[in-house]
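Beneath this line is the structure, given in structure tokens, with notes to follow.
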Amino acid sequence: MALERKDVENIAHLARLAISEADIPEYARNLSSILALVEQMSAVDTTGVHPMAHPLDATQRLREDVVTETDQREHFQAIAPAVEAGLYLVPKVIE
Amino acid sequence: MDWETVIGLEIHAQLATRSKIFSGASTAFGAAPNTQACAVDLGLPGVLPVLNREVVRMAAKFGLAIGATVAPRSVFARKNYFYPDLPKGYQISQYELPVVANGHIDIELEDGSTKRIGVTRAHLEEDAGKSLHEDFHGMTGIDLNRAGTPLLEIVSEPDMRSAREAVAYMKRIHELVRYIEICDGNMQEGSFRCDANVSVRPKGQKEFGTRAEIKNINSFRFVEKAIDYEVERQIALIESGGKVVQETRLYDPDRDETRSMRAKEEANDYRYFPDPDLLPVVIEPSFIEAVRATLPELPEAKRQRFVSEYELFPYDAGFLTASRELADYFEAVVKAVGAEAKLCANWVMGDLSASLNRDGKDVSDSPVSSAMLAGMIRRITDNTISGKIAKEVFEAMWNGEGDADAVIDKKGLRQITDTDAIEKIVDEILAANPDNVAAYRSGKDKLFGFFVGQAMKATQGKANPQQLNDLLKKKLSG
């Protein structure tokens, strides 16, 4: 499956990546070859192979429901670009 | 044309844990902004989520309570979208393998019949933070205390056919999550909220119409109004030649209408994939059995038992079992009185509930304990006071004037059951009202009430009503 210009633009938009016009054909070619590799793997007969959700054949460890974190707001907010009244400030998002 | 409404609900129930789903930060409500948002909740580089055992236990408990399958193996996935209150750029949720699948719950329809609503699935996920759009010099403020709070998203089948059915279903789920103590059900604080998928189709048509999703409704009343509005809108749209578009809408309670949130539509490509930071969750049969052992009597079973054991009407049983606390209170009263379940039910549903409502109190902090109410009801059944006087006693107990016996003694409310004493009063009243006696005897039956009233006035309501009635009837006919 070959990706077209508009597919690359859409993927870049979803990932919030700014890409230059000139690079689009190359991205399309590279991404298409990744998909071709996946298609090649799809051709393997996997009947009877259990699909894995994770490369490790292990199960999730659980933690007890205990509060272990203390308030480190000052610490975290020291590296935030803008804060006020304890809030992180971001460019206005409401439409 | 006749239209049929089709509704499915997605309910978000916040799980009542102490810490978050993937971090050890507190979930307590109302803390100062960002004081309960740790490195994991902020999505700082290098952190890893670790799943809270209690969250898994609560999800399993819910699954068992709705007769669902608790998945022996479930998987967390990333749901990708960008919004400032979601610092990681994805929400950890479940997609292909949710923890709970294929359950059901029964609702009661207005005609008294029962309808089974399917619960397709329930999955675990983390909540996002909160955006504050007030003016911060043209910027938006972000509070991430809520980020990472555990949610159970409960997805129904499109089985409901009216706004009322949707509300009945939502109330049943709300009741259930509180019964099994996995969610506090507080809708003002957002602990229980829902999205409604609504579509219409010509009656008899098999295929569903195009649906609109109404987001984030946080009261039963708004669910009903939002759906009613949306159904009207879709029918009017189709009948005037238009087409319903699949979109997300927001209900505005002030204007009582739903509005399109088109701006968010383009973001609907979530590109779910298994979260590599979390391994599959395996729930052993022994874990499930241990959870099953903690299940309390569920609301439906309790209702049925109240009807058969206490001979209550289904409506009364439904009222008394609406919360576990109220049901427990009622049963404690019945047990202490030792009989007269119906009388106990009437007092719990009547004066007690009215007083709780009036003063905005929960039954758990009622000034009149179950033992006090039982003590008072015993004084009704042993004829110390009449039901009418009991209302005065109840009011005094509510206001902290002591238990029933103390109030009765202090206020001298003991009922007059001495026949001679009542007879004397009756004789005096008849002698003082010869005209009315004559009128009664000539057929004005309604005057009976006048004599009762006079006698009660003379005894400050303390005459035993049954004895008074009998005596009056005898004397007046004589």
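Sequence lines, in order, name chains S and A. Using this note's numbering, read the first sequence as starting at 184 and increasing by one per residue. Using this note's numbering, read the second sequence as starting at 78 and increasing by one per residue. Glycine included, each C-beta is placed from N, C-alpha and C at the ideal position.
Residue pairing of A:ASN129 in beta bridges, as defined by DSSP: S:ARG246. Cβ contact annotation for A:GLY180 (same chain, cutoff 6 Å, sequence separation greater than five): ILE143, GLY144, ALA145 and VAL196, in chain order. Taking 9 Å as the cut-off, the beta carbon of A:TRP475 is found no closer than this to the beta carbon of A:VAL440. Ranked by how close their Cα comes to the Cα of S:ALA198, the residues A:ARG134, A:TYR160 and A:ASP79 have A:TYR160 in first place. Contact annotation: A:HIS210 and S:VAL276 have beta-carbon atoms nearer than 9 Å. In the DSSP assignment, A:VAL275 falls within the unbroken beta strand (DSSP E) covering 269-279. Where A:VAL196 is concerned, the enclosing beta strand (DSSP E) starts and stops at 191-203. Runs of beta strand (DSSP E) with 3 or more residues, each lying fully within the stretch 310-347 of chain A, are found at 324-329 and 334-337, listed in chain order.
Excluding five sequence positions before and after A:SER96, the CB atoms of its chain that fall closer than 7 Å to its own CB belong to ALA102, SER103, THR104 and ASN129, given in chain order. Judged by DSSP secondary structure, A:GLU408 falls outside any beta strand (DSSP E) and instead within the alpha helix (DSSP H) spanning 401-414. Taking a C-beta distance under 9 Å as the contact criterion, A:VAL277 and A:VAL83 qualify as a contact pair. Segment contact: the stretch 200-209 of chain A against the stretch 252-263 of chain S, fewer than three CB-CB distances shorter than 8 Å; contact not assigned. When beta bridges are read from the DSSP output, A:GLN168 appears opposite A:LYS156. Note: S:VAL232 is not bridge-paired with any residue in the DSSP secondary-structure output. A:ASN510 places its beta carbon less than 9 Å from that of A:GLN531. Scanning A:LYS280, A:GLN311, A:ASN274 and A:ASP504 for the CA closest to the CA of A:ILE294 turns up A:ASN274. Cβ atoms of A:ASP272 and A:GLU290 come within 8 Å of each other, at about 6 Å. With respect to the 9 Å criterion, A:LEU490 and A:ILE466 are classified as neighbours on the basis of their beta carbons.
Shown here, S:TYR210 sits in a helix according to DSSP, grouped into three states. In this chain, the alpha helix (DSSP H) harbouring A:ILE250 covers 240-256. In this structure, the CA atom of A:GLY464 is about 14 Å from the CA atom of A:ALA473. Put simply, the stretch 312-330 of chain A does not touch the stretch 115-125 of chain A. Fewer than three CB pairs are less than 8 Å apart. Assignment of A:ASP261 by DSSP, reduced to helix, strand and coil, places it in the coil class. Listed by position along chain S, the residues whose Cβ is nearer than 8 Å to that of A:CYS115 are GLU252 and GLN255. Chain-ordered listing is empty here: chain A has no CB closer than 8 Å to the CB of S:ARG188, the nearest sitting near 18 Å. When C-beta atoms of the stretch 216-223 of chain A are compared with those of the stretch 188-195 of chain A, fewer than three pairs fall below 8 Å, so the two segments do not count as touching. One finds GLY269 in chain S with Cβ atoms closer than 7 Å to the Cβ of A:ALA109, taken in chain order.
Straight-line measurement puts the Cα of A:ARG435 at about 25 Å from the Cα of A:ARG455. Closest by C-alpha distance to A:TYR347, out of A:SER554, A:GLY166 and A:LYS501, is A:GLY166. The beta carbon of A:PRO391 sits closer than 8 Å to the beta carbons of GLY189, ARG380 and VAL384 from its chain, once the five residues preceding and following it are set aside; these are given in chain order. Residue environment analysis places A:SER100 among the buried positions, since at least 16 neighbouring C-beta atoms fall within 10 angstroms of its C-beta. Contact of S:ARG199 with chain A by beta-carbon distance below 9 Å involves PHE159 and GLY166. A residue is called buried once 16 or more other Cβ atoms fall within 10 Å of its Cβ, and A:ASN460, having fewer, is exposed. The residue from A:LYS487, A:ASP442, A:ALA451 and A:SER400 with its alpha-carbon nearest to that of A:ASN423 is A:ALA451. The beta carbon of A:ALA145 does not come within 9 Å of any beta carbon belonging to chain S, so the residue lies off that interface.
With a contact defined as Cβ atoms closer than 8 Å, A:SER296 and A:MET264 qualify at about 6 Å.
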